[in-house]
């Protein structure tokens, strides 16, 4: 199976996932302009097109294959599909940060959170939680307008790891920032960030730029206009 997946990756032509994704957005995407939201739940983050997911995994694996990735990290739930497919072709494990700490994750924690309003009316919340057995960060969901305390077990992320972060959307960058924070706490090195759909007109990109982390977005949206999507070419 490993040989089969390696052959698929070797033969994969970059750009295939981008074109299929763009076509799906044009045909099935719904713009909710008043909230700056692109609804893609018919093929990305509710109902998932498995062939598209496979191509997205191959695309990210091909882009980052020289980075010596040891773990692919995402946040539940919508990023898991694409992180898992990427892991498959990089032949490394997937880790997803949990939004609810289960009883099986032991931790004694005192959380101090700080919230800062930004000019796009979103909020970035960070934490300096000290834990036993768990790395934690606070993340605000842009679409759900909820703050989650996300966590990853210490034994799954170490200073030896070279991490690729994968997520379905990049908007204000809260999820990515939280995952980078978790990697920083574990001393793991973030070697890249892969995003399925990025909204360039929001502030998320600057997080990777400031931290000098390579960012690859398959689709970059410049703006919403007349009920449709304007892609950055």
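Residue numbers (the working numbering): 1 to 233. No residue lacks a Cβ here, since even glycine has one placed at the ideal position from N, Cα and C.
Residue i vs residue j beta-carbon contact at 7 Å
{"i": "residue 29", "j": "residue 21", "result": "no"}
{"i": "residue 134", "j": "residue 81", "result": "no"}
{"i": "residue 195", "j": "residue 164", "result": "no"}
{"i": "residue 69", "j": "residue 90", "result": "yes"}
{"i": "residue 198", "j": "residue 230", "result": "no"}
{"i": "residue 87", "j": "residue 168", "result": "no"}
{"i": "residue 71", "j": "residue 92", "result": "yes"}
Bridge-paired residues (DSSP) for residue i
{"i": "residue 141", "result": "146"}
{"i": "residue 230", "result": "223"}
{"i": "residue 30", "result": "39"}
{"i": "residue 97", "result": "75"}
{"i": "residue 136", "result": "151"}
{"i": "residue 193", "result": "165 and 215"}
{"i": "residue 170", "result": "198"}
Per-residue burial, residue i [other beta carbons within 10 Å of its own, 16 or more giving buried]
{"i": "residue 1", "result": "exposed"}
{"i": "residue 62", "result": "buried"}
{"i": "residue 15", "result": "exposed"}
{"i": "residue 115", "result": "Reliability of the predicted coordinates at residue 115 is poor, the pLDDT of 43 falling under 50, and no value is obtained from them."}
{"i": "residue 51", "result": "exposed"}
{"i": "residue 177", "result": "buried"}
{"i": "residue 149", "result": "buried"}
{"i": "residue 174", "result": "buried"}
{"i": "residue 59", "result": "buried"}
{"i": "residue 186", "result": "buried"}
Neighbourhood of residue i by C-beta, 6 Å cutoff - its chain only, sequence neighbours within 5 removed
{"i": "residue 180", "result": "190"}
{"i": "residue 214", "result": "192"}
{"i": "residue 183", "result": "163 and 190"}
{"i": "residue 94", "result": "72, 83, 84 and 87"}
Contact set for residue i: own chain, Cβ-Cβ below 8 Å, skip 5 residues either direction
{"i": "residue 31", "result": "37, 38, 39, 224, 227, 228 and 229"}
{"i": "residue 232", "result": "200, 220, 221 and 222"}
Cα-Cα separation, residue i to residue j
{"i": "residue 172", "j": "residue 205", "result": "8 Å"}
{"i": "residue 27", "j": "residue 217", "result": "20 Å"}
{"i": "residue 100", "j": "residue 144", "result": "15 Å"}
{"i": "residue 157", "j": "residue 67", "result": "17 Å"}
{"i": "residue 3", "j": "residue 10", "result": "10 Å"}
{"i": "residue 33", "j": "residue 146", "result": "20 Å"}
Cβ shell of residue i (< 7 Å), same chain only, five flanking positions each side left out
{"i": "residue 166", "result": "60, 72, 74, 79, 82, 83, 86 and 194"}
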